[in-house]
Amino acid sequence: MKKKILIQTDNLCLSFPSASGKLQILNSVNFSLYENETVALVGPSGSGKSSLLMLLGGLEESDTGSIMIAGQDITKLSEDGLANLRKKTMGIVFQSFHLIPTITALDNVCIPLELAGHSNIKNRAIEILTEVGLGNRLNHFPSQLSGGEQQRVAIARALAIKPLIILADEPTGNLDQKTGSKIIELLFKLNTKNKSSLVIVTHSTDLANKCQRQVKLENGKTNESKR
Ligand SMILES: Nc1ncnc2c1ncn2[C@@H]1O[C@H](COP(=O)(O)OP(=O)(O)OP(=O)(O)O)[C@@H](O)[C@H]1O
Ligand SMILES: [Mg+2]
């Protein structure tokens with residue numbers, strides 16, 4: 221059976237102005253993601269991995285090219301249309317957590333559920349926080365949590381709505397190896413359980429090898445390798 225395509229970019233270009241002229245970061249990138257797939261996005265520092273992830277998440281704008289997500293070209297959507305698609309289909313895990321510091325772990329996880337219009341918000345938030353091992357930290361504020369715990373809250377927040385697509389930018393970049401491995405295990409386990417697809421930016425060969433495909437960004441272009 222042919223697999224359904226969730227993300228397809230076509231000739232995606234991104235540049236930034238700089239004092240020494242235009243910096244071409246992505247130069248006609250064609251990237252695809254299928255359902256139930258795990259893809260590692262690798263490449264040297266500065267090659268544009270985070271930038272590409274932000275474009276896929278609709279959090280940055282490309283210069284030219286299209287980004288089809290679940291059948292819609294997000295480069296043509298209004299702000300509202302984009303926010304609507306994002307809150308229903310995507311979970312984003314940022315490298316530096318991005319938790320809201322003034323509210324508890326539980327409230328941080330409730331926000332995307334509220335935005336997506338779920339019912340039983342609190343129950344679902346407690347359920348997913350328990351799944352990531354934080355059932356006893358619900359009312360802690362981010363500053364009262366360790367780095368690994370904050371990253372687990374960030375994962376719970378991204379996965380609470382059971383998104384079709386999970387975009388994770390070096391989700392273990394700030395953690396010790398043991399905690400990092402546990403978090404990766406968790407991310408893969410929940411990804412399988414929810415039947416979502418995962419794009420994970422990483423510098424770790426071990427982690428990249430755990431994914432079904434590896435896409436390497438270099439000199440503005442993608443190079444693909446299958447396991
Ligand atoms: N807002 C911006 N303005 C100017 N240049 C930018 C901007 N954002 C990113 N860049 C440049 O784009 C390039 C790609 O950045 P990006 O963060 O995507 O790299 P990366 O592959 O994620 O690197 P790393 O592995 O170090 O995280 C970098 O050279 C960076 O300086
Ligand atoms: Mg990066």
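Here this note's numbering is used: the first residue of the sequence shown is 221, the next is one more, and so on. Idealized CB from N, CA, C, for every residue including glycine. Computed from a predicted structure; not experimentally measured.
Taking the alpha-carbon of Phe361 as reference, which of Leu326, Cys330, Gly440 has the nearest alpha-carbon? Leu326
Going by beta-carbon coordinates alone, are Ile312 and Ala378 separated by less than 9 Å? yes
Name the one or two DSSP bridge partners that Pro237 has. Lys242
Would DSSP call Gln228 helix, strand or coil? strand
Nearest-angstrom Cα separation, counted from Ser235 out to Asp283: 7 Å
Pick from Thr309, Gly285, Leu365: whose alpha carbon is nearest that of Leu319? Leu365
Start-end ranges of the alpha helix (DSSP H) lying completely within the region 340-372, minimum 4 residues: Correct list: 341-351.
Contact defined as beta carbons within less than 8 Å: I believe Gly368 pairs with Leu395. What is the distance between those atoms, to the nearest angstrom? 5 Å
Cβ shell of Ala336 (< 8 Å), same chain only, five flanking positions each side left out: Lys307, Lys308, Ile381
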